[in-house]
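**Q** Residue numbers (my numbering): 23 to 133.
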Amino acid sequence: MPIQYYIYFCLTLFSIGIIGVLTRRNAIIVFMCIELMLNAVNLLLVAFSKMHYAAGLRQDPATSAGIDGQLFVFFIMVVAAAEVSVGLAIIVMMYRNTHSVDINFLNRLKN
Numbered sequence: 023m024p025i026q027y028y029i030y031f032c033l034t035l036f037s038i039g040i041i042g043v044l045t046r047r048n049a050i051i052v053f054m055c056i057e058l059m060l061n062a063v064n065l066l067l068v069a070f071s072k073m074h075y076a077a078g079l080r081q082d083p084a085t086s087a088g089i090d091g092q093l094f095v096f097f098i099m100v101v102a103a104a105e106v107s108v109g110l111a112i113i114v115m116m117y118r119n120t121h122s123v124d125i126n127f128l129n130r131l132k133n
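This is the structure in structure tokens:
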């Protein structure tokens, strides 16, 4: 499959995530849109890694080029799992204190 398909698909996913972050007021939906953007970037990194591996394999059959992107995605997923746990804990504490997950309500907490 050509790399352009992956680029267009990831661009669409990332755009949906950006639109969701900018237009929604629910903290859980905003959090899910941020995760969608992160997963779009991960998918694109894996696609480029696969493309680089195929190009390196043509030059040297015993190459390990192109594995770096997949390792990077693995570490991003580990950090994203930690981010999910911390982010959901913040959202739960916000709901316990304000009985709402509306992010516009957080502006009142400044005073």
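We put the beta carbon where it would ideally sit given N, CA and C, even for glycine. Values in this document were obtained by computation on a predicted structure and should not be read as measured data.
1) So who's on the other strand from Asn48, going by DSSP bridges?
2) Is it right to say Ala104 is buried, meaning 16 or more other beta carbons lie within 10 angstroms of its own, or is it exposed?
3) Would you report the Cα separation of Asn61 and Ala69, rounded to the nearest angstrom?
4) Buried or exposed for Ala111, please, with buried defined as at least 16 other CB atoms from any protein chain shown within 10 angstroms of its CB.
5) Which residue's Cα is closest to the Cα of Leu33: Thr45, Asn64 and Val114?
6) According to the Cβ coordinates, are Asp90 and Ser71 closer than 8 angstroms?
7) State the Cα-Cα distance for the pair Gly39 and Phe53, rounded to the nearest angstrom.
8) Here's the rule I'm using: 16 or more other beta-carbon atoms within 10 Å means buried, otherwise exposed. How should Leu66 be labelled?
9) Which residue's Cα is closest to the Cα of Leu58: Ile50, Met73, His74 and Leu35?
**A** Per the coordinate set shown:
1) DSSP lists Asp124 as partners of Asn48.
2) exposed
3) 12 angstroms
4) Residue environment: Ala111 is assigned as exposed (fewer than 16 neighbouring CB atoms within 10 Å of its CB, all protein chains considered).
5) Asn64
6) For the 8 angstroms CB-CB criterion, Asp90 and Ser71 form a contact.
7) 10 angstroms
8) buried
9) Leu35
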